[in-house]
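So in this note's numbering, the last spot in the sequence shown is 196, and the numbers never skip.
Note that the Cβ used here is the ideal one computed from N, Cα and C, for glycine as well.
Since the structure is predicted, the reported quantities are computational estimates derived from the model, not experimental observations.
Notes for the one structure printed next.
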Amino acid sequence: MGSTIKTGTKAPNFTLYSLNEKPYSLESLRGKTVVLNFWSAECPWSARADETLKNMADEWGSEVIVLTIAPNANESKDLIQQSAQNRAISPILVDPNQQVARLFGAQITPQVYVIDPQGHLRYQGAFDDASFRNPEPTCNYLWEAVEAILAGENPIPAERPAYGCTIVFN
Numbered sequence: 027m028g029s030t031i032k033t034g035t036k037a038p039n040f041t042l043y044s045l046n047e048k049p050y051s052l053e054s055l056r057g058k059t060v061v062l063n064f065w066s067a068e069c070p071w072s073a074r075a076d077e078t079l080k081n082m083a084d085e086w087g088s089e090v091i092v093l094t095i096a097p098n099a100n101e102s103k104d105l106i107q108q109s110a111q112n113r114a115i116s117p118i119l120v121d122p123n124q125q126v127a128r129l130f131g132a133q134i135t136p137q138v139y140v141i142d143p144q145g146h147l148r149y150q151g152a153f154d155d156a157s158f159r160n161p162e163p164t165c166n167y168l169w170e171a172v173e174a175i176l177a178g179e180n181p182i183p184a185e186r187p188a189y190g191c192t193i194v195f196n
């Protein structure tokens, strides 16, 4: 899968800034389940996942924090801002040098990582089972992973290959 972090190990801390310059650090969210969603303003697979992720986040409430990370070197802040507004996504964290994408080994958008309240990476990979040949998902892997963590269980499997658009690195 290309991740630099093994599932079950402590997730490394990072700080990124939102479009309105508010800092977000992983360490400050300890005690919550955190979803890192590597996202693209232009990827249709990210766009398709946005509404579902928003609905899931609403259902989870304050138990789960969703951080959407924009890592693509070819997407301007203006483009990211416009897409975020059009899709009603907040917060969007900008990863201008792909430092966090590299740290986690993210290669695709959407690609998700779920970190438990103790700070351990518990799931990484695909958002759901949609693919080019089967564009309508039948199983939401992210939902299953987060629900397992909230129930005190391990997501099984803990990794699934992500499908979507390739992240553009500097």
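Can you tell me whether I141 is buried or exposed? The criterion is at least 16 other CB atoms within 10 Å of its CB, across all chains shown. In the sequence shown, the residue the question calls residue 141 occupies position 115. Label assigned to I141: buried.
With 16 as the cutoff for other CB atoms within 10 Å, does E179 come out buried or exposed? Locating residue 179 in the sequence shown gives position 153, where the first residue counts as 1. Classification for E179: exposed.
Answer with buried or exposed for D76, where buried requires no fewer than 16 other C-beta atoms within 10 angstroms of its C-beta. As a working note, residue 76 is residue 50 in the sequence shown. By the 10 Å Cβ count, D76 comes out buried.
Roughly how many whole angstroms lie between the Cα atoms of E101 and N196? Position 75 of the sequence shown holds residue 101. Position 170 of the sequence shown holds residue 196. If I take the Cα positions, the gap works out to 11 Å.
Run of the alpha helix (DSSP H) containing T177, from where it starts to where it stops: Locating residue 177 in the sequence shown gives position 151, counting from the first residue. For the sequence presented, residue 177 should be read as Ala rather than Thr. Annotation for A177: no alpha helix (DSSP H) segment contains it, and DSSP assigns it neither H nor E.
Tell me whether I182 is buried or exposed, calling it buried when 16 or more other Cβ atoms sit within 10 Å of its Cβ. Here residue 182 is taken as the residue at index 156 of the sequence shown, counted from 1. With fewer than 16 Cβ atoms within 10 Å of its Cβ, I182 is classed as exposed.
Between A67 and V120, what straight-line distance do the alpha-carbon atoms span, to the nearest angstrom? In the sequence shown, counting from the first residue as 1, residue 67 sits at position 41. In the sequence shown, counting from the first residue as 1, residue 120 sits at position 94. Each residue's alpha carbon lies about 11 Å from the other.
Mind checking P70: buried by the 16 CB within 10 Å criterion, or exposed? Locating residue 70 in the sequence shown gives position 44, where the first residue counts as 1. P70 should be labelled exposed.
Coil, strand or helix - S44 by DSSP: Along the sequence shown, read from residue 1 onward, the residue named residue 44 stands at position 18. Strand.
Option in P161, V90, S157 and F158 with minimal Cα separation from N63: Numbered from 1 along the sequence shown, position 37 holds the residue referred to as residue 63. When each option's Cα is compared against that of N63, the closest is V90.
From this set, L129, F153 and F40, which residue's C-alpha is nearest A73's C-alpha? Here residue 73 corresponds to residue number 47 of the sequence shown, with the count starting at 1. When each option's Cα is compared against that of A73, the closest is F153.
Contact set for T41: own chain, Cβ-Cβ below 6 Å, skip 5 residues either direction: Mapped onto the sequence shown, residue 41 falls at position 15. Once the five neighbours on either side are set aside, the close Cβ partners of T41 are P49 and S51.
Kindly indicate which three-state DSSP category L52 falls into: helix, strand or coil? Locating residue 52 in the sequence shown gives position 26, counting from the first residue. Coil.
Backbone CA spacing between P187 and D84 [nearest angstrom]: The sequence position of residue 187 within the sequence shown is 161, counting from 1. The sequence position of residue 84 within the sequence shown is 58, counting from 1. So the two alpha carbons sit approximately 26 Å from each other.
Buried or exposed: S88, going by 16 or more other Cβ atoms within 10 Å of its Cβ? Within the sequence shown, residue 88 is the residue found at index 62, counting from 1. Of the other Cβ atoms in all chains shown, fewer than 16 fall within 10 Å of the Cβ of S88; this residue is therefore exposed.
Count the other CB atoms within 10 Å of the CB of T164; is the residue buried (16 or more) or exposed (fewer)? Sequence index remark: in the sequence shown, residue 164 carries index 138 (1-based). Flag for T164 reads exposed.
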